[in-house]
Amino acid sequence: CTVIAPDYAPDTKVQAIERLGGRVIKVPFDRWWQTFTDRSYPGVDATFIHSFDDDRVMAGNGTIGLELLEDLPEVDAVLIPWGGGGLAGGIATALRALKPTVRIYAVEAETGAPLTASFKAGTPQVVDYRPSFVDGIGSKTVFANMLVMAQE
26 CTVIAPDYAP DTKVQAIERL GGRVIKVPFD RWWQTFTDRS YPGVDATFIH SFDDDRVMAG
86 NGTIGLELLE DLPEVDAVLI PWGGGGLAGG IATALRALKP TVRIYAVEAE TGAPLTASFK
146 AGTPQVVDYR PSFVDGIGSK TVFANMLVMA QE
């Protein structure tokens, strides 16, 4: 398994991947983001599993929504971090299917909030992105299909 990671990925995450036998290639943010667009990385001949724009990954993330409803059946609002949209989309889809009245809020880091800008504009927007201590969310843009999903 080879993981392409941003160069600011925390050592704890990198070491965990390596302990499990994975190889980590750290690259600058823009190159890392390009990997999502290209769905590949030069020199890595392997099956690409997209971390957010993949129906199977989102279905797996949806099980978190199922667990939330199992443990908190009366929940009326859920806040979900937004990075690329796969976690939020998966959880929201499961919640909406089983409890359509639940309010769902996508939460972004101030240092990279393209969903907010894209909602305001109605189309995917590019924003300035700065890494922060919140390393798992935030990005410079929203994929068009992820914006459509979020708008639903």
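Residues 26 to 177 in my numbering are what the sequence shown lists, from first letter to last. Just so you know, even glycine gets a beta-carbon here, dropped at the ideal spot from N, CA and C. Given the structure is predicted, the values throughout are model-derived calculations rather than measurements.
Here ALA119 is near LEU91, since their CB atoms are less than 7 Å apart. Buried is the label assigned to ILE29, since at least 16 other Cβ atoms lie within 10 Å of its Cβ.
For PRO139, the enclosing alpha helix (DSSP H) stretches over residues 139-146. Residue state for VAL103 is assigned as strand, using DSSP reduced to three classes. VAL49 and SER65 have their alpha carbons spaced roughly 14 Å apart.
Residue pairing by DSSP places ARG128 opposite ALA102 in a beta bridge. By the neighbour-count criterion, in which a residue is buried when 16 or more other Cβ atoms sit within 10 angstroms of its Cβ, ASN86 is buried. Between the C-alpha atoms of THR62 and THR136 there is a straight-line separation of about 21 Å.
Within the model, the alpha-carbon separation for ARG128 versus VAL103 is close to 6 Å. Between SER157 and ALA142, the C-beta spacing is not below 7 Å. When the Cα atoms are used, VAL100 and ARG121 turn out to be separated by approximately 12 Å. Per DSSP, the beta-bridge partners of TYR66 are VAL69. CA-CA distance, LYS124 to GLY110, rounds to 20 Å. Inclusion of MET174 and GLY114 in the CB contact set at 7 Å is warranted, their separation being smaller than that value. Scanning PHE77, PRO31, PHE73 for the CA closest to the CA of ASP55 turns up PRO31.
Judged by DSSP secondary structure, VAL159 falls outside any alpha helix (DSSP H); it is assigned neither H nor E.
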